[in-house]
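Reading through the C-alpha coordinates given below for one structure.
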Amino acid sequence: MANVQHAKEVLKEIRRDGDIDAIVYNIEDTGAADTGYQISHDLGREPVGCLLQLKDRACDVYKGSTWEINTIEVKFTIANANVNIRIW
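My numbering runs 162 ahead of the 1-based position in the sequence shown.
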(Lines of atoms letter the chains of each structure in order from A and count residues from 1; the text may use other names and numbers.)
(Lines give C-alpha, C1' and ligand atoms only; values in the text may rest on other atoms or scores of the structure.)
Protein backbone atom coordinates (compact mmCIF):
# COMPACT_ATOMS: atom_id res chain seq x y z
CA MET A 1 0.00 0.00 0.00
CA ALA A 2 2.92 2.33 0.66
CA ASN A 3 3.97 1.97 -3.00
CA VAL A 4 0.52 3.07 -4.17
CA GLN A 5 0.65 6.13 -1.92
CA HIS A 6 4.14 6.96 -3.17
CA ALA A 7 2.97 6.67 -6.79
CA LYS A 8 0.06 9.01 -6.05
CA GLU A 9 2.44 11.53 -4.49
CA VAL A 10 4.76 11.39 -7.53
CA LEU A 11 1.84 11.93 -9.91
CA LYS A 12 0.61 14.84 -7.81
CA GLU A 13 4.11 16.35 -7.90
CA ILE A 14 4.43 16.21 -11.71
CA ARG A 15 0.88 17.38 -12.51
CA ARG A 16 -0.05 21.03 -12.65
CA ASP A 17 -3.66 22.03 -13.41
CA GLY A 18 -4.36 18.72 -15.12
CA ASP A 19 -1.25 18.84 -17.33
CA ILE A 20 2.05 17.10 -16.79
CA ASP A 21 4.72 19.63 -15.81
CA ALA A 22 7.43 18.48 -18.23
CA ILE A 23 9.75 19.56 -21.02
CA VAL A 24 10.84 17.78 -24.18
CA TYR A 25 14.49 18.12 -25.12
CA ASN A 26 15.94 17.10 -28.50
CA ILE A 27 19.45 15.68 -28.52
CA GLU A 28 20.85 15.38 -32.03
CA ASP A 29 23.91 13.39 -30.94
CA THR A 30 24.13 11.61 -27.59
CA GLY A 31 27.92 11.29 -27.87
CA ALA A 32 29.77 8.25 -26.57
CA ALA A 33 27.78 5.44 -24.98
CA ASP A 34 27.51 5.38 -21.19
CA THR A 35 28.93 8.91 -20.89
CA GLY A 36 27.21 11.65 -18.90
CA TYR A 37 25.14 14.13 -20.94
CA GLN A 38 24.13 17.36 -19.17
CA ILE A 39 20.68 18.83 -19.87
CA SER A 40 19.64 22.26 -18.60
CA HIS A 41 15.93 22.63 -17.84
CA ASP A 42 13.59 25.26 -16.46
CA LEU A 43 11.22 23.13 -14.42
CA GLY A 44 12.11 25.04 -11.26
CA ARG A 45 12.51 21.82 -9.30
CA GLU A 46 14.48 18.61 -9.35
CA PRO A 47 12.89 16.31 -11.97
CA VAL A 48 11.45 12.98 -10.85
CA GLY A 49 11.90 11.09 -14.12
CA CYS A 50 12.58 11.01 -17.83
CA LEU A 51 11.41 9.02 -20.83
CA LEU A 52 12.73 8.56 -24.36
CA GLN A 53 9.90 9.58 -26.68
CA LEU A 54 11.51 9.24 -30.06
CA LYS A 55 14.85 7.77 -31.13
CA ASP A 56 16.56 6.93 -34.39
CA ARG A 57 17.98 3.62 -33.13
CA ALA A 58 17.54 1.15 -30.30
CA CYS A 59 18.82 2.70 -27.07
CA ASP A 60 17.88 3.36 -23.49
CA VAL A 61 18.46 6.24 -21.10
CA TYR A 62 19.44 6.06 -17.44
CA LYS A 63 20.13 8.51 -14.64
CA GLY A 64 23.60 9.98 -14.38
CA SER A 65 25.16 11.33 -11.21
CA THR A 66 23.59 14.80 -11.02
CA TRP A 67 19.91 15.74 -10.91
CA GLU A 68 19.37 19.24 -9.63
CA ILE A 69 16.88 22.10 -9.81
CA ASN A 70 18.40 23.44 -13.09
CA THR A 71 20.24 20.50 -14.68
CA ILE A 72 20.24 16.75 -14.94
CA GLU A 73 22.78 14.26 -16.19
CA VAL A 74 21.63 11.25 -18.19
CA LYS A 75 23.51 8.48 -19.96
CA PHE A 76 22.58 6.56 -23.10
CA THR A 77 23.31 2.92 -23.86
CA ILE A 78 24.40 3.58 -27.45
CA ALA A 79 26.63 6.19 -29.08
CA ASN A 80 25.56 8.95 -31.45
CA ALA A 81 21.79 8.52 -31.26
CA ASN A 82 19.29 11.27 -32.10
CA VAL A 83 16.60 11.30 -29.40
CA ASN A 84 13.75 13.29 -27.88
CA ILE A 85 13.64 12.96 -24.11
CA ARG A 86 10.74 14.08 -21.89
CA ILE A 87 11.81 15.27 -18.45
CA TRP A 88 9.22 15.66 -15.68
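Beta carbons are placed, not taken as given, at the ideal position from N, Cα and C, and that holds for glycine.
Because the structure is a prediction, the values reported are computed rather than measured.
State the DSSP-derived secondary structure class of Val223, mapped to helix, strand or coil.
strand
Using a Cβ-Cβ cutoff of less than 8 Å, which residues in the same chain neighbour Tyr199 once the five nearest sequence positions on both sides are dropped?
Ile189, Thr192, Gly193, Gly226, Glu235, Val236, Lys237 and Phe238
N- and C-terminal bounds of the beta strand (DSSP E) containing Thr233
From DSSP, the beta strand (DSSP E) with Thr233 extends over Thr233 to Phe238.
Could you say which of Trp250, Ile247 and Ala243 lies nearest to Ala195 if we only look at CA atoms?
Looking only at Trp250, Ile247 and Ala243, the smallest Cα-Cα distance to Ala195 is reached by Ala243.
For a quick check, are the C-beta atoms of Leu213 and Arg248 less than 7 Å apart?
yes
Between Ala169 and chain C, is there a C-beta pair that is closer than 7 Å?
Protein chains in the displayed structure number just one, and chain C is not present.
Could you say which of Ile201, Ala241, Gly211 and Asp222 lies nearest to Ala169 if we only look at CA atoms?
Gly211
Pick out whichever of Gln215, Thr228, Arg219 and Cys221 has its Cα sitting closest to the Cα of Pro209.
Thr228
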